[in-house]
Amino acid sequence: MPELPEVETARRLIADHALHRVIVDVDDSDSYVARPHPPGELRSALTGRSLTAVHRRGKTIWLETSPAGTTVAPGPELGIHLGMSGRIVVTDPDGTMAEGGDPYRYGTGPGRARWSRFTLTFADGGSLVLRDPRRLGRVRLNPDIGRLGPDATQVTPAQFRALLTKGTIAVKARLLDQSKIAGIGNLLADEILWQARVSPQERVDRLSAAQVNRVYRALRSVLEAALAGGGAHIGDMIAARHPGGTCPRDGAPMVHGTVGGRSTWWCSREQKPRHRG
DNA sequence: ACTCGTGTTAGCTG
DNA sequence: TCAGCTAACACGAG
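123 is the number that the numbering used here gives to position 139 of the first sequence; each next residue is one higher, with no gaps.
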C-alpha cells in the first residue's frame, strides 16, 4: 500500500504514540527485513534507548534514539521502509492498538501475528511492530537519506523542472525515481499524469513548458488530496485502473501498458504523446 | 496452477 | 560515469 501519504500517516502514528518509551527488547530475527544487519545487531544497538524524534523523506522513515530518560545524546538512527505491504502498528501498554494503526489488510485472524517482521518492545508493555506480509519492507541502522531526492511535498517549481526534465527517460519513470523526487509511487504517478493530461510515455526532454507546469500543479494537488484523504488510493482515476475502465473525465477507454517497468494506466484520448513514437 | 503487484536495488548494457 | 532497463526479492490475492 504505502506511498508517501501512507508513510506520512505511519510517521504521525509513531510521533503521537511511540516516542519517549524505553525499549527493553528488539525482535530483529527476520534477517531479510533487517538486511544487511545480522540478527541481534539492531537489538544490541537499540535496547535501553528511547525513540526521540521521527522524520520522513519520501517513503523512508527514520527515528532518532537517545539513552532512556534523555533527549540529547546522539545515537544510532533507526530507518524504516514499508516496502510494498508494510504497516506500522503501535500498541499501548494494555495491548490495544493505537489509533491510526491499520494492520488488517491481510486478514484479522490470530495467524496475522506471523506477519510481524520487526518488533520494539517498550518497558510499559506496549510495542512498535513492522507488519509486512511480503517482507519487502526493511529496517536498518543509520539509513543513507542523502541518496533520496527532495521530498515530493517540499520540491519547488524550479527544482521540479530541473529534476524532471534532465535526460530522455519516460516522464512516468522519472516521477518514480526516488533519487530525483522522493515519495511518488506507481498509483500517485498515474494519477498525477492523468490529472495533468500528459502521456506517461512522453520523454522528459519532449515535455513542453506548459506540460511541466501542469505536472507540477497536479503533483501538488494529488499529494494534498491524498494526504488529507489518507492515501494514494483515493485519486479520481484510480477506480478506473482496471480492464474495461473508462476515463472519469471524458469516458474514453483507459489503456494499460508497462512504463518504466511498472503497470500503467492512462486515458486513450487525453494522454496521447505529443510526437509519434 | 498461474499471473500479478501501491517498492527497491544489484547488475547489466550502451 | 551516467542513463536506462531487467531480474530478483517474497507471498497473498484473484
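Note that beta-carbon positions come from the ideal geometry of N, C-alpha and C, so glycine has one too.
For Thr149 and Ser100, the rounded distance between their alpha carbons: For the purposes of this step, residue 100 is taken as residue 116 along the first sequence, with counting starting at 1. For the purposes of this step, residue 149 is taken as residue 165 along the first sequence, with counting starting at 1. Using only the alpha carbons, I get a separation of about 41 Å.
Stretch pair the segment 20 to 35 + the segment 58 to 65: three plus CB contacts closer than 8 Å: They touch, by the three-pair rule.
Ile176 versus Leu203: straight-line alpha-carbon distance, rounded: Stepping through the first sequence from its first residue, residue 176 is reached at position 192. Stepping through the first sequence from its first residue, residue 203 is reached at position 219. Going from the Cα of Ile176 to the Cα of Leu203 covers about 6 Å.
Whole-Å CB distance - Phe106 paired with Ile7, under 8 Å assumed: Walking along the first sequence from the start, residue 106 turns up at place 122. Walking along the first sequence from the start, residue 7 turns up at place 23. Yes, they are in contact, since the Cβ atoms of Phe106 and Ile7 sit about 6 Å apart, within 8 Å.
Complete beta strand (DSSP E) runs within the segment 98 to 139 (minimum length 3 residues, chain order): 100 to 106, 111 to 115 and 122 to 125
Helix, strand or coil at His217 according to DSSP, with G and I counted as helix: Numbered from its first residue, the first sequence carries residue 217 at position 233. In the structure shown, His217 sits in a helix (DSSP, three-state: H, G or I).
Environment of Gln255 [buried if 16+ CB atoms lie within 10 Å]: Translated into the one-based positions of the first sequence, residue 255 becomes position 271. Result: buried.
Straight-line Cα distance separating Arg122 from Leu171: As a first step, residue 171 is located in the first sequence; it is residue number 187 there, counting from the start. As a first step, residue 122 is located in the first sequence; it is residue number 138 there, counting from the start. Rounded to the nearest angstrom, the two C-alpha atoms are 21 Å apart.
Rounded C-alpha distance that separates Ala212 from Glu(-8): Numbered from its first residue, the first sequence carries residue 212 at position 228. Numbered from its first residue, the first sequence carries residue -8 at position 8. One C-alpha to the other measures close to 11 Å.
Local conformation of Ala154 per DSSP, three classes: Counted from its first residue, the first sequence places residue 154 at position 170. Residue state, collapsed to three classes: strand.
Proximity winner among Asp189, Thr248, Ser205 and Pro58, relative to Gly151 (alpha-carbon distances): Position 167 of the first sequence, counted from the start, is the residue given in the question as residue 151. The residue with the shortest Cα to Cα distance from Gly151 is Asp189.
Beta-carbon proximity list for His240, same chain, < 6 Å, skipping 5 on both sides: Position 256 of the first sequence, counted from the start, is the residue given in the question as residue 240. Cβ neighbours of His240 beyond the five flanking positions: Trp249.
Secondary structure of His240, DSSP reduced to three states: By one-based count along the first sequence, residue 240 stands at place 256. Residue state, collapsed to three classes: strand.
C-alpha gap between Cys231 and Ile222, whole angstroms: Taking the first residue of the first sequence as position 1, residue 231 is located at position 247. Taking the first residue of the first sequence as position 1, residue 222 is located at position 238. Each residue's alpha carbon lies about 10 Å from the other.
Other residues of its chain near Arg145: CB distance less than 6 Å, five sequence neighbours each side excluded: In the first sequence, counting from the first residue as 1, residue 145 sits at position 161. Correct list, in chain order: Val196.
Pro(-11) in three-state terms, based on DSSP: Taking the first residue of the first sequence as position 1, residue -11 is located at position 5. It is helical.
His1 in three-state terms, based on DSSP: Reading the first sequence from its first residue, position 17 is the one you call residue 1. Residue state, collapsed to three classes: helix.
Cβ separation of Ala2 and Leu35, assumed to be a contact under 8 Å, to the nearest whole Å: Taking the first residue of the first sequence as 1, we reach residue 2 at position 18. Taking the first residue of the first sequence as 1, we reach residue 35 at position 51. That pair is a contact at about 6 Å.
Sheet register partners of Leu35 (DSSP bridge): The residue given as residue 35 occupies position 51 in the first sequence. According to DSSP, Leu35 bridges with Thr49.
Length of the line joining the Cα atoms of Ala157 and Val243: As a first step, residue 157 must be located in the first sequence, where it is residue number 173. As a first step, residue 243 must be located in the first sequence, where it is residue number 259. Straight-line Cα distance between these residues: approximately 7 Å.
Which of helix, strand or coil DSSP assigns to Arg201: Along the first sequence, read from residue 1 onward, the residue named residue 201 stands at position 217. Helix.
Through-space distance from Ala194 to Glu186, alpha-carbon basis: Translated into positions along the first sequence, residue 186 becomes position 202. Translated into positions along the first sequence, residue 194 becomes position 210. Going by the C-alpha atoms only, they are around 14 Å apart.
Secondary structure of Ala193, DSSP reduced to three states: Counting from one through the first sequence, the residue named residue 193 turns up at place 209. If DSSP states are grouped into helix, strand and coil, Ala193 belongs with the helices.
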